[in-house]
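Engineer: Taken in sequence, the protein lines are chains A and B.
Letter 50 of the first sequence, counting from 1, is numbered 50 in UniProt numbering, and no numbers are missing.
Letter 165 of the second sequence, counting from 1, is numbered 165 in UniProt numbering, and no numbers are missing.
Provided herewith is a single structure, encoded as structure tokens, for subsequent inquiry.
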Amino acid sequence: MQTDPNPKKSKDSPSNSDSTESTQSASPFPDDVLGKVLSFLNSDKDRSSVSLVCKDWYNAERWTRTKLFIGNCYSVSPEIVATRFPKITSVTLKGKPRFSDFNLVPQNWGADVHYWLVMFAKVYPFLEELRLKRMTVSDESLEILATAFPGFRALSLMSCDGFSTDGLKSVATHCRNLTELDIQDTDIDDFNGGWLSCFPENFGSLEVLNFASLDSEVNFDALERLVSRCKSLRVLKVNKSITLDQLQRLLLRAPQLMELGTGSFQQELLPGQFGDLESAFSNCKNLRTLSGLWEVTSVYLPVLYAACTSLTFLNLSYAALRSVEFGNLIAYCPNLRRLWVLDTVEDKGLEAVGSSCPLLEELRVFPADPFDQQLHRGVTELGFVAVSRGCSKLHYVLYFCWQMTNAAVATIVQNCPNFTHFRLCIMNPGRPDYLTNEPMDEAFGAVVKTCTKLQRLSVSGLLTDLTFEYIGKHAKNLETLSVAFAGSSDLGMQCVLEGCPKLRKLEIRDCPFGNAALLSGLEKYEKMRSLWMSSCNVTITACQQLAREMPRLNVEVMKDKESDDSQADKVYVYRSVAGPRRDAPPFVLTL
Amino acid sequence: MEGYSRKDVGCPQLLDLIPKEKEWLVKSAEETNYGLSEEKKLELRLGPPGGDWTFKQICGPTNESLLSFGFFPNTTAGATTTAPWQHQTKASFFPLMEKESCRIVELQGAEKKAFSPANTAVPNSSSAQKRTAPAPVVGWPPIRSFRKNLANGNSSKLSPESQKDFSKKPIENCPKNKFVKINMDGVPIGRKVDLKAFHSYEKLSSAVDELFRGLLAAQGDSSTNGIKKEVEGEKVISGLLDGSGEYTLVYEDNEGDRMLVGDVPWDMFVSTVKRLRVLKSSELPMLFCGSKPGKLSLDRSI
């Protein structure tokens, strides 16, 4: 978010003899025309640029902005936002650093949405949408949300915590115009499924309902009636408590669904039921996305075949399928663009992907047993290569494996030079190329040299500073970099900080980067959203120096109990116009 | 900071401690020269050597931090210490948690520091761990909690909740089971029920019926008044909640008071109930006399 710019005259604005507005302004456009034009701008980047042109444009922009995107909730304060933007109807807020997903951030760290909601209730009574990611949300906050905004329509909570199903009850009870309730990957107190029964009997506006990550059984009759009433329902993702025969009944009520998340697929079906389920699926002509499928076995996969032809996104990351049954299924999915699987499908399964899904753009392979250090099953470099051969449009990959080679990665990027997101996780830290025993530097070198559009990179394996030299030299479009157990010295991090002009997010753990590296990025950090460094070689003194020299950065340190007093075990640096945060818990030292 | 032993870029020191066939492959002798900082890991403490327990402090600024741990798998597969890669100065091992194997442990005061690789960890002997390799590092591989342990069909009972590791909540606050005793008039042997397995009073009521129906029938056969139930078979125990049946369900709450089951929301009931009793409805007036006023709803028909 930009602070007040220096008012500048735009050199490029076309002259217009009809200008009648304020004599102080050089803007040739009447305010209402400018406002109308700007109201078409949706991209935040464009709006930021516009707001920097001159004071008039700044004002016109702020009056016409309706969607607010805040990538780091601490980079700005609710007061500043409320003052600048009077007409917001949609808010997206992101909170904790991404490594909080992996338990590297303690509980009660912050990112509580409450004070934001209190402010919104005052200044944005017409708020319609709220999308939160990695924020703490309490039941009280949900109560405010449900009652303070009469036109509220869409709530999306991704990786949030702090609330319970009681909070959902408030939302279901009070939000008369709700079109979207989307709860993903959340960690909440799931007391019972009664919240779903709180939707009023005459309520029928839902278009999106996702409660897949909740556990408790909901009242199925209430759900069935709700689904019948919501004629515009296009996304329905139920939880594991919904059985197959219940699913079939839901599909009968909502054949118009475009995205379906099934419940548990583990149920003894009578032959008649199997046929019913099969025809229910084939009746869903608009199905594009399929997920859920917990405990699905090969016996029941065929019910999906009819629906598979039109699928563009198949999420099998909760279904531990073996290669043969998976291969059979995937043969029915020629139009897949996105595929998420477990590594139980093994290389053979990935070969089937390569031959069945020529349009594939995104592949994520998750480990079924990430801590099984003995057996190392799952996928290898061969599977990845096989996919790259068959799927030349592949540009997004997240791949968990136990072994990789430099040569394989080089082949992969040669087959698929358009990677925008390359996230490779070799699960044993510091593992070299298992054939040559060399570091994996050349692999990532190949990635950054070949994939010029690369925006996001996660590296792993045994890596020296050379990897980072390559990244600094070639990854000119890189925005997000994740590094773990890699590098040899400060030089590595310095190369990245000096070389990647578009870098926004840098997250590092367990690397030998120290104070010199940290301090080499002084001005850089103001151009970035955030830096995370944990279990590296950084001292508190250096962090203090950083904080002193860069007052517009917030430098936060968390210490491990056992470590030296001088060590800064976890460092989180981010730019902010709001100053140091006032809600930091005792274990966060703000420097 | 010592410990980063890779000094020259040119020749990477390879240390592959990932056991293959239970052998530790140590590629470079240099890596076994552990400095003083490594000795710390060999200190005698509760728990295997080298096990730095990293966890979250859940209860704010108190001296006690409630934690749950899983069993720390045996790391004595041959290695002297357990740093699998040279970048680590301390091996912050992270025992993989299964909810059912959790226990509360108390840590030394960690008011200011949320992350304390505890050296006073108490390994939980009721292990749910099947691994014998060194436990993984905290937050590695970078998988979100709900994705762990999806290996095969055994995961049927593994909800995202049960896969959460200790970092989420202390077990005390959100136990997965709540077993309470339940006794029935006329049946000398009591039973135990897990209230967390039911989500409503109706389910509890039918469970009580199932539990005691047979036992009650067996008692009836041996009773002296000669009422034989063999012809009818076992009688269904119904009307437990509304006073309409021969028996009524009551409970003892956390204040020691006897209460009729069914008055409060289910969740509240589960959190306050200490034990259950199935009483003959005809005996309820006796309870009215003995109980505190207002504790039993007097409008229940008997």
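Glycine residues also receive a C-beta, built at the ideal position from the N, C-alpha and C atoms.
Would A:A484 pass as an interface residue toward chain B - the criterion being a Cβ-Cβ separation below 8 Å?
Structural biologist: Walking along the first sequence from the start, residue 484 of chain A turns up at place 484. It does; some Cβ of chain B falls within 8 Å.
Engineer: Can you tell me the Cβ-Cβ gap for A:E362 and A:R389, rounded? I've got them flagged as a contact below 8 Å.
Structural biologist: Here the question's residue 362 of chain A lines up with position 362 in the first sequence. Here the question's residue 389 of chain A lines up with position 389 in the first sequence. Under the criterion of beta carbons closer than 8 Å, A:E362 and A:R389 do not qualify as touching, at roughly 17 Å.
Engineer: Do B:G262 and B:Y201 count as a contact pair if the criterion is CB distance below 8 Å?
Structural biologist: Residue mapping note: residue 201 of chain B aligns to position 201 of the second sequence, counting from 1. Residue mapping note: residue 262 of chain B aligns to position 262 of the second sequence, counting from 1. Cβ distance < 8 Å, so B:Y201 and B:G262 count as in contact.
Engineer: Whole angstroms is fine: what's the gap from B:D267's alpha carbon to A:K240's?
Structural biologist: As a first step, residue 267 of chain B is located in the second sequence; it is residue number 267 there, counting from the start. As a first step, residue 240 of chain A is located in the first sequence; it is residue number 240 there, counting from the start. Near 21 Å, if we compare the C-alpha coordinates of A:K240 and B:D267.
Engineer: What's the C-alpha gap between A:L304 and B:E283?
Structural biologist: Mapped onto the first sequence, residue 304 of chain A falls at position 304. Mapped onto the second sequence, residue 283 of chain B falls at position 283. A:L304 and B:E283: Cα-Cα distance of roughly 58 Å.
Engineer: When you compare only the Cα positions, how much space is there between A:C175 and A:G151?
Structural biologist: As a working mapping, residue 175 of chain A is identified with position 175 in the first sequence. As a working mapping, residue 151 of chain A is identified with position 151 in the first sequence. Taking the straight line joining both Cα atoms gives about 8 Å.
Engineer: Verify the CB distance criterion: does B:V138 have a CB-CB separation below 8 Å to chain A?
Structural biologist: Sequence index remark: in the second sequence, residue 138 of chain B carries index 138 (1-based). For B:V138, the answer is yes, since a Cβ of chain A falls inside 8 Å of its Cβ.
Engineer: For A:W532, which of helix, strand or coil comes out of DSSP?
Structural biologist: The residue given as residue 532 of chain A occupies position 532 in the first sequence. Here A:W532 sits in strand by DSSP.
Engineer: Indicate whether A:V105 and A:T136 have their beta-carbon atoms separated by less than 8 Å.
Structural biologist: What you label residue 105 of chain A is simply residue 105 of the first sequence in a count that begins at 1. What you label residue 136 of chain A is simply residue 136 of the first sequence in a count that begins at 1. In this structure, A:T136 does not lie closer than 8 Å to A:V105 by Cβ.
Engineer: Rounded to whole angstroms, what's the CA-CA distance from A:L546 to A:L178? Just pull it up for me.
Structural biologist: Numbered from 1 along the first sequence, position 546 holds the residue referred to as residue 546 of chain A. Numbered from 1 along the first sequence, position 178 holds the residue referred to as residue 178 of chain A. Cα-Cα distance, rounded: 46 Å.
Engineer: Quick check on this structure: which residue in A:L463, A:G430, A:D190 has the alpha carbon closest to the alpha carbon of A:E217?
Structural biologist: Start at 1 with the first residue of the first sequence, and residue 217 of chain A comes out as number 217. For the residues A:L463, A:G430, A:D190, the minimum Cα distance to A:E217 belongs to A:D190.
Engineer: Verify the CB distance criterion: does A:C333 have a CB-CB separation below 8 Å to chain B?
Structural biologist: Residue numbering aside, residue 333 of chain A sits at position 333 when the first sequence is read from its first letter. For A:C333, the answer is no, since every Cβ of chain B falls outside 8 Å of its Cβ.
Engineer: Between which residues of its own chain and A:L84 is the CB-CB distance below 7 Å, once the five residues before and five after are set aside?
Structural biologist: Residue mapping note: residue 84 of chain A aligns to position 84 of the first sequence, counting from 1. Sequence check: residue 84 of chain A is Arg here, not Leu. Correct list, in chain order: R62.
Engineer: From the beta carbon of B:F146, is the nearest beta carbon of chain A less than 8 Å away?
Structural biologist: Working through the second sequence from its first residue, we reach residue 146 of chain B at position 146. At a cut-off of 8 Å between C-beta atoms, B:F146 counts as an interface residue with respect to chain A.
Engineer: Check whether the Cβ of A:L518 lies closer than 8 Å to any Cβ atom in chain B.
Structural biologist: Residue mapping note: residue 518 of chain A aligns to position 518 of the first sequence, counting from 1. No - not a single Cβ of chain B is within 8 Å of the one on A:L518.
Engineer: Measure the Cβ-Cβ separation of A:Q256 and A:N210 and say whether it is below 8 Å.
Structural biologist: Taking the first residue of the first sequence as position 1, residue 256 of chain A is located at position 256. Taking the first residue of the first sequence as position 1, residue 210 of chain A is located at position 210. Not a contact, by the Cβ cut-off of 8 Å.
Engineer: Against chain B, which members of the region 90 to 104 of chain A pass a CB distance test of less than 7 Å?
Structural biologist: F99, D101, F102, N103, L104
Engineer: Leaving out five residues before and five after A:L252 in sequence, what residues of the same chain have Cβ atoms less than 7 Å from its Cβ?
Structural biologist: As a position in the first sequence, residue 252 of chain A is number 252, starting the count at 1. Excluding residues within five positions, the ones whose Cβ falls inside 7 Å are A280.
Engineer: By DSSP, does A:Y74 sit in helix, in strand, or in coil?
Structural biologist: Indexing the first sequence from 1 puts residue 74 of chain A at position 74. The answer is coil: DSSP assigns A:Y74 none of H, G, I, E or B.
Engineer: Rounded to a whole number of angstroms, what is the C-alpha to C-alpha distance between B:T248 and A:Y318?
Structural biologist: Taking the first residue of the second sequence as position 1, residue 248 of chain B is located at position 248. Taking the first residue of the first sequence as position 1, residue 318 of chain A is located at position 318. Taking the straight line joining both Cα atoms gives about 44 Å.
Engineer: For B:G245, tell me which candidate among B:I143, B:S281, B:N177, B:S206 has the shortest Cα-Cα distance.
Structural biologist: Walking along the second sequence from the start, residue 245 of chain B turns up at place 245. When only C-alpha atoms are compared, the closest one is B:S281.
Engineer: So, with DSSP's three-state summary, where would you put B:P188?
Structural biologist: Here the question's residue 188 of chain B lines up with position 188 in the second sequence. DSSP places B:P188 in strand when its eight states are reduced to three.
Engineer: Straight-line CA distance for B:L107 to B:I143?
Structural biologist: One-based indexing of the second sequence puts residue 107 of chain B at position 107. One-based indexing of the second sequence puts residue 143 of chain B at position 143. Because the pLDDT of B:L107 is 34, which lies under 50, any placement of that residue in the model is unreliable, and the number read from its coordinates should be weighed accordingly. Straight-line Cα distance between these residues: approximately 27 Å.
Engineer: So, at 7 Å on beta carbons, what are the nonlocal neighbours of A:N537 in its own chain, with the 5 sequence-adjacent residues on each side left out?
Structural biologist: Within the first sequence, residue 537 of chain A is the residue found at index 537, counting from 1. These residues qualify, in order along the chain: P512, F513, G514.
Engineer: Reducing DSSP to helix, strand and coil, say where A:Q545 ends up.
Structural biologist: Mapped onto the first sequence, residue 545 of chain A falls at position 545. Helix at A:Q545.
Engineer: Does B:P142 have its Cβ less than 8 Å from a Cβ in chain A?
Structural biologist: Here residue 142 of chain B is taken as the residue at index 142 of the second sequence, counted from 1. With 8 Å as the cut-off, B:P142 counts as an interface residue toward chain A.
Engineer: Go through its chain and collect everything with a Cβ distance to B:Y251's Cβ below 6 Å, but skip five positions before and after it.
Structural biologist: Position 251 of the second sequence, counted from the start, is the residue given in the question as residue 251 of chain B. Excluding residues within five positions, the ones whose Cβ falls inside 6 Å are M259, V261, V273, L276.
Engineer: Could you tell me if A:I471 is buried or exposed, where buried requires 16 or more neighbouring beta carbons within 10 angstroms of its beta carbon?
Structural biologist: Position 471 of the first sequence, counting from 1, holds the residue named residue 471 of chain A. It counts as buried.
Engineer: For A:T92, which of A:G445, A:D510, A:L132 has the nearest alpha-carbon?
Structural biologist: Walking along the first sequence from the start, residue 92 of chain A turns up at place 92. Of the candidates A:G445, A:D510, A:L132, the residue whose Cα lies closest to the Cα of A:T92 is A:L132.
Engineer: Tell me whether A:F147 sits in a helix, a strand or coil according to DSSP, three-state version.
Structural biologist: Position 147 of the first sequence holds residue 147 of chain A. In the sequence on display, residue 147 of chain A carries Thr and not Phe. Correct three-state label for A:T147: helix.
Engineer: What residue range is occupied by the uninterrupted alpha helix (DSSP H) comprising A:T436?
Structural biologist: As a first step, residue 436 of chain A is located in the first sequence; it is residue number 436 there, counting from the start. Element bounds for A:T436: n/a, residue is neither H nor E.
Engineer: Would B:K178 pass as a contact of B:K196 if the rule is Cβ separation under 8 Å?
Structural biologist: Here residue 178 of chain B refers to the residue found at position 178 of the second sequence. Here residue 196 of chain B refers to the residue found at position 196 of the second sequence. Going by C-beta atoms, B:K178 is nearer than 8 Å to B:K196.
Engineer: Using the Cα positions of A:S205 and B:V187, report the straight-line distance between them to the nearest angstrom.
Structural biologist: As a first step, residue 205 of chain A must be located in the first sequence, where it is residue number 205. As a first step, residue 187 of chain B must be located in the second sequence, where it is residue number 187. Straight-line measurement puts the Cα of B:V187 at about 53 Å from the Cα of A:S205.
Engineer: Comparing C-alpha positions only, which one of A:V387, A:L277, A:D44, A:V555 sits nearest to A:C357?
Structural biologist: Locating residue 357 of chain A in the first sequence gives position 357, where the first residue counts as 1. Cα-wise, what sits closest to A:C357 is A:V387.
Engineer: Can you pull the chain B residues whose beta carbon is under 7 Å from the beta carbon of A:M258, in chain order?
Structural biologist: To locate residue 258 of chain A, count along the first sequence from 1; it is residue 258. Those do not exist, as A:M258 stays about 24 Å from chain B at its closest Cβ, beyond 7 Å.
Engineer: Restricting to Cα atoms, I'd like to know which of A:G461, A:S48, A:G499, A:T64 is closest to A:D32.
Structural biologist: Taking the first residue of the first sequence as 1, we reach residue 32 of chain A at position 32. If we check each option's Cα against that of A:D32, A:T64 comes out closest.
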